[in-house]
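Residue numbers (the working numbering), protein chains in the order written: chain A, 3 to 884; chain B, 12 to 312. Ideal Cβ placement from N, Cα and C applies to all residues, glycine included. Presented below is the structure to which this report refers.
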């Protein structure tokens, strides 16, 4: 008791101040990347910031000394004496160390602002930029300080319980108000959409605060219910705000978004914690059994049991949370896979067991005649025929076995996501080129896909030896060049203008395209028919054209005039400098080899028949990204497609080859498809595969809401086409193995992690057994008062149920929170390893409900035995001895 | 003061609450059951009240690890309505066991216990629970309050067990607590009450269902003399005003001597059944000369 006297409100306030300061400095360190850049832009902020920091440290020092001095008043054996002394010491030392370090650090960063700014700007990175003799010492010191601060935080936390309960309650109120205010700000800052939810949270929080303050001591059921209801409403409003005003997904707002999610979670947890007591109060009023059970759980007296009950709730929480998260991630993988499969394949396929079938037009019309009339099988969105065969595809570099598909370009995009997969952000080219291959002859460079899409950057195949920084520099240079070119495009007489401006298009792009320059400056171009192959990994499809030659020659002339003496180096430099814009982003090694090849080509321009550029119009072909990568293909390149089944020769079928031109590159996200599927027009495929007017099958897309109902629609289609020889298979049937394996894996995971819940159930079992032991006397009293055995069983079952409900609710909430965060902000993965760039997460409400039910059921089941044991208690035995 | 719903909610024993009437003069009249003094008859050798508990040939044997302990070896006892009985005897004489059997907390090995002619030893455990709840109030030596509940809730508990509506129950519990002098400590948990206060809460709890019989097992065993005197005074008042039958096991001769009927047990048998001539005419504790006439009116059999 004497300990409490040393603990007036003053010390409490001082402690709070110390906590805030320590948390503040740690937070400032963690978020240094946030405030660092603004500081660079606004040097005037330096002084106030430094002043605030200095004041903070001085205050912290004062608090530490004061707490240390006050702690000497405590006598030996008083509670918290050691803690307070340590806290005072640690606070003071932390202030000294932190102040000194921050000062040095501030000075160092200030010095650093003069330097080129290349780092992201976290504190430790800035330290790395210092002279080494400083940076090592400072780095170590910072790590010491982080460890020190953690100790400090732990110590301050341990002093929390030294405060009186009333003080703690007040601090909680203040803290909760602050958290809610912070949440309001974050919802406003880190969110998009209407602001209604901000006002809703504000209003709900106000009402909640008023009711919980006004009705603090009331026992009235209605008051308790009102308190619970406003608390639950606040919880609902906070959750609603996340949907109503969604989190930002841009990386720039990542910190804000994560803060909002974290603050929201904390606020929710606090609301739930605040609601628990009144809610239990309401529960107590329901029924005598609920009253006893809730009171047992609420009992503060038996701290041991309360602690164990907390542990059981935590066990349930953690296990449900873990199960939910894992299931969500597995569900994410499944959904990812399903989307990709459904995107690249139709939902229902009509085909024959072997070969192709005739009369497909009638079948197609029977399924979906909308292009002509109106009749279609209900649920069908579109249908498209295809011819399929297995072929080899070859470029200059290598050959691959692939599946070739002849598609109807008019309808394919209604059925599969091929078009989206070829869109600019995923792939290259266009299906249009399949029907109009002549356009491929006249393709702008960006259309050709020679500027790599972002997700292909850093690819080992393409630019393994190209330094990222160099690439960046090069691109920067390119941009400057282009700007200059644009500026000077009028002044044609200018040397550069001549070189970069309206120079005739060497790569057959329309003149006046800004980046035409890029190719134009290629010093090796003049007279070289293969000049386009310079940056072109595959081969030059560029034919020698006399205006181009002249243009190239002019450019080279201009360059020579610029720097005659170092012509060769200059060429190389120019070569390097302008390479990436066209994005002909090969590694330097490949440049070198190219150069070698070019030299050879100069001797004999038509060494390889494949390399030889062709000006003739070739049918188009669409390949997958992986295949393009493997064969080093770009849009406009030529490929040879070889079918093993050609005409019958004397020794059997002779292979048949035909040349196609790459009309597009798609990225489906499924490695198998990106590697193994190529598309040509239906007619081209029919001609090449010699199937005449037959098709392999018809692909059908269903309405979104009928996708999971595919078997039923498939049956309807079967009836509609009325052909015995055709198979109608839905996507589930076609991918049964894959999805079966996934389902099995998920089930196994559910069982394995369900064991975690089971173990939590053991924990509940132990808790309840102890509870029963401890409450044996009370059970005896209750029975003496006329409680039946059944009631006793129910009391303890209810306790297990409450533990399960509470734990499951928290676990589900936390699990949803983590899944939501992972889904929203994305956990990055190496796409080279996993073929996906973010961890796919898909939360399924049904799964969550199942997990919650399982948790509650296991907890309730775990209490059956202890409950029965409790009901067997003889009142006499229980009452006989104190 | 009389709340009609309060009465409706109960299932009072047949004899109780004949006329709920205002009793303005009564000092300890907070209890709404206030029954007209039901034992006004002059005390006699054979009191006149109806026999409510009939114990016939009750024996109790405990088998413990092969040895058999005969605790009760044939008890016959009639307890009349409104009686105040104390059971005395040395440790191991079987007093507590008899009390437990009377309270249906324990079953006799042989013999029967009948309340109003109904043999409760044949009741199912559910019937017993309901019977105990309605008919018997217990007061234990160690008070046995529920530590998680405050005084008021503890008093309400038997009614809560029955699933009675809470507002009238709370009202009655409040009145009872006031009548035992604890009106100011209703919100306190047992841990915050003194021993005497706890025992008074336990008594209020025993009374809340207006039981016919209150069985008390050394109710003052843990209390100092003054407190236990006050306790007994309370017992007498309640007996006088409510007509509740009390069966009290006690070690204290001093207190036992003031009881109208003393049953002395020895070796599992009733060794003596003594009646004082006029329990009600004698003010229980306010006469200082009580101690001066110990056993004067107690004739050993």
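Cβ contact annotation for residue 346/A (same chain, cutoff 8 Å, sequence separation greater than five): 418, 419, 420, 423, 670, 672, 675, 679, in chain order.
Of the residues assessed, residue 681/A falls on the buried side of the cut-off, its CB having 16 or more other CB atoms within 10 angstroms. At least 7 Å separates the CB of residue 849/A from every CB of chain B.
Residue pairing from DSSP places residue 257/B in a beta bridge opposite 95/B, 225/B. When rounded, the separation of the alpha-carbon atoms in residue 100/B and residue 311/A is 45 Å. If the five residues before and after residue 282/B are omitted, its C-beta is found closer than 7 Å to the C-beta atoms of 275, 276, all from its own chain and listed in chain order. Short of 6 Å from the beta carbon of residue 403/A, and not among the five residues preceding or following it, lie these beta carbons of its own chain, in chain order: 394. Residue 354/A is bridged by DSSP to 728/A. In this structure, residue 121/B sits near residue 70/B, with a CB-CB distance shorter than 7 Å.
When secondary structure is reduced to three states using DSSP, residue 634/A falls in the coil class, being assigned neither helix nor strand.
DSSP lists 277/B as the beta-bridge partner residues of residue 280/B. By the Cβ-count criterion, residue 645/A is buried, with 16 or more other Cβ atoms from all chains shown falling within 10 Å of its own Cβ.
Between residue 352/A and residue 699/A, the CB-CB gap stays under 7 Å.
The beta-bridge partner set that DSSP reports for residue 126/B consists of 64/B, 129/B. Listed along the chain, the chain A residues whose CB falls inside 8 Å of the CB of residue 172/B are 290, 784, 787, 788, 789, 793. Note: residue 777/A is not bridge-paired with any residue in the DSSP secondary-structure output. Taking 7 Å as the Cβ-Cβ cut-off, the stretch 145-162 of chain B approaches chain A at 149, 151, 153, 155, 157, 158, 159, 160, given in chain order. The beta carbon of residue 98/A lies closer than 6 Å to none in the same chain, with the five residues before and after it left out.
In this structure, residue 233/A lies near residue 210/A, with their beta-carbon atoms less than 7 Å apart. Between the stretch 356-363 of chain A and the stretch 763-772 of chain A there are fewer than three inter-stretch CB-CB distances shorter than 8 Å, so the stretches are not counted as touching. Per DSSP, residue 645/A is one residue of the beta strand (DSSP E) stretching across 640-645. The stretch 181-205 of chain B is shown to contain no whole alpha helix (DSSP H) run of 4 or more residues.
For the stretch 674-732 of chain A, the full-length beta strand (DSSP E) segments reaching 3 residues or more read 679-683, 699-704, 728-732 along the chain. Here the stretch 785-799 of chain A does not lie against the stretch 807-824 of chain A, with fewer than 3 beta-carbon pairs under 8 Å apart. In this model, residue 173/B and residue 183/B are separated by some 15 Å (Cα to Cα). Close CB contacts of residue 348/A within its chain, under the 7 Å cut and outside five residues either way in sequence, are with 417, 418, 701, 702, 703 (chain order). Residue contact check for residue 280/A against chain B: no CB pair falls below 7 Å.
Contact of residue 117/B with chain A by beta-carbon distance below 8 Å involves 878. Contact between the stretch 827-847 of chain A and the stretch 774-782 of chain A is absent, with fewer than three C-beta pairs closer than 8 Å.
Setting aside the 5 residues that flank it on each side, residue 215/B is surrounded in the same chain by 166, 187, 188, 191, each with a C-beta closer than 6 Å to its C-beta; the list follows chain order. Neighbours of residue 262/B across chain A, judged by C-beta separation under 9 Å, do not exist; the nearest C-beta is about 16 Å away.
Contact of residue 136/B with chain A by beta-carbon distance below 8 Å involves 790, 791.
By DSSP's assignment, residue 84/B forms a beta bridge with 70/B. At a C-beta separation below 7 Å, residue 780/A has these neighbours in chain B: 157.
Contact annotation, residue 200/B with residue 161/B: C-beta distance approximately 5 Å; criterion of less than 8 Å satisfied.
22/A is the residue among 22/A, 627/A, 414/A whose C-alpha sits nearest the C-alpha of residue 173/A.
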